[in-house]
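So in this note's numbering, spot 9 of the sequence shown is number 15, and the numbers just go up one at a time. Think of the CB as a built atom: it goes at the ideal place given N, C-alpha and C, for glycine as much as any other residue. This one's a predicted model, so the numbers in the text were calculated from it and none came from an experiment.
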Amino acid sequence: MRIVARDLEAERSYRLLTGIVVPRPIAWVSSLSAGGKVNLAPFSAFTFVSPKPPLLAISVGRKGSVYKDTAINILAREEYVVHIADGSLTEAVHLSSTEFAPDVSEVEELGLATLASEQVKVPRLAAAPIAMECRLRHCLEFGETRSRLIVGEVLVFHIRDELLRQGKIETAELDPIARLGGPNYARLGEIMTLSPVYQTAKS
Ligand SMILES: Cc1cc2nc3c(=O)[nH]c(=O)nc-3n(C[C@H](O)[C@H](O)[C@H](O)COP(=O)(O)O)c2cc1C
Numbered sequence: 007m008r009i010v011a012r013d014l015e016a017e018r019s020y021r022l023l024t025g026i027v028v029p030r031p032i033a034w035v036s037s038l039s040a041g042g043k044v045n046l047a048p049f050s051a052f053t054f055v056s057p058k059p060p061l062l063a064i065s066v067g068r069k070g071s072v073y074k075d076t077a078i079n080i081l082a083r084e085e086y087v088v089h090i091a092d093g094s095l096t097e098a099v100h101l102s103s104t105e106f107a108p109d110v111s112e113v114e115e116l117g118l119a120t121l122a123s124e125q126v127k128v129p130r131l132a133a134a135p136i137a138m139e140c141r142l143r144h145c146l147e148f149g150e151t152r153s154r155l156i157v158g159e160v161l162v163f164h165i166r167d168e169l170l171r172q173g174k175i176e177t178a179e180l181d182p183i184a185r186l187g188g189p190n191y192a193r194l195g196e197i198m199t200l201s202p203v204y205q206t207a208k209s
């Protein structure tokens, strides 16, 4: 099968890409609306782009011609919280992608408890094993759909105590969920540990 990308509609291209770029980690993002409601939504176009300062990137698309509430809120207030969800939170993550009106809080609708954050006004989710308080640093628009790549600096990492050993995350215990194409999710399978690769010095 050979597909020339130029001939693809955005919708078909999206379906291909979301099936090819797998598994994707999920940024579960809380933000505050203009009216002060806590908005919550998942974003699997998600990675980190720098360790110092720690910078996280999410790509937020549009619903028709308007940006999603998350992008609107982050651009207006310049702060948000990125959570990592574990297997027990899969259904809540999925349901939080429901399109509610901007003044409806997904957190309230789903009955999720929140905690005050330290350096941002946006609350964080009590049930999430990891929460990262973020401040907006960059916003770039890409492509005909004008998806927004939102890059934020992590100000505070909140990590459940037992998940951090000698500065490293215990991945199996974190039990992160990942997004596949469509309404499909995955949990970790086998973890393969290989010997470290050492660089040989060039003379
Ligand atoms: C697991 C999952 C991952 C998602 N990833 C993205 C993404 O990377 N970018 C995006 O624009 N929408 C993504 N969505 C769709 C948004 O979550 C959805 O449009 C949501 O209603 C946006 O909420 P908001 O308007 O409150 O920001 C994803 C949905 C799910 C269920």
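Looking only at C-alpha atoms, which of the options sits nearest to residue i?
| i | options | result |
| --- | --- | --- |
| Phe49 | His89, Gly93, Ala133, His144 | His89 |
| Val113 | Ala11, Trp34, Ile197 | Trp34 |
| Ser153 | Ile26, Ser71, Thr177 | Ser71 |
| Arg130 | Ala11, Ser39, Val44, Arg12 | Val44 |
| Met138 | Val128, Gly42, Ile78 | Val128 |
| Leu225 | Val87, Thr104, Glu97 | Here the chain covers residues 7 to 209 and nothing more, so residue 225 does not appear. |
| Ile78 | Thr104, Ala16, Ala40 | Ala40 |
Apart from the five residues on each side of it in sequence, which residues of its chain come closer than 6 Å, Cβ to Cβ, to residue i?
| i | result |
| --- | --- |
| Leu142 | Ile80, Glu84, Gly158 |
Tell me, please, which residues DSSP counts as bridged to residue i.
| i | result |
| --- | --- |
| Glu147 | Arg154 |
| Asp92 | Pro182 |
So residue i and residue j are supposed to be a Cβ contact under 8 Å. How far apart are they, rounded?
| i | j | result |
| --- | --- | --- |
| Leu95 | Ala134 | 7 Å |
| Val160 | Pro60 | 4 Å |
| Thr76 | Ser111 | In fact, because the Cβ distance is near 13 Å, the residues do not count as touching under 8 Å. |
| Ala91 | Ile183 | 6 Å |
Can you give me the start and stop residues for the beta strand (DSSP E) that residue i sits inside?
| i | result |
| --- | --- |
| Leu186 | No beta strand (DSSP E) contains Leu186, which DSSP labels as neither H nor E. |
| Ala55 | Ala is not the amino acid found at residue 55; the sequence shown has Val there. Looking at the DSSP string, the run of the beta strand (DSSP E) that includes Val55 is 52-57. |
Residues in the same chain with beta-carbon distance under 8 Å from residue i, minus the five sequence neighbours each way, listed in chain order, please.
| i | result |
| --- | --- |
| Ile9 | Leu22 |
| Ile165 | Pro135, Ile136, Ile175 |
| Lys74 | Ala47, Val66, Gly67, Arg68 |
Report all residues from its chain with a CB closer than 7 Å to the CB of residue i; omit the five preceding and five following residues, and keep chain order.
| i | result |
| --- | --- |
| Leu101 | Leu116 |
| Leu186 | Val28, Pro29, Ala192 |
What are the boundary residues of the alpha helix (DSSP H) that residue i is part of?
| i | result |
| --- | --- |
| Ile78 | 75-83 |
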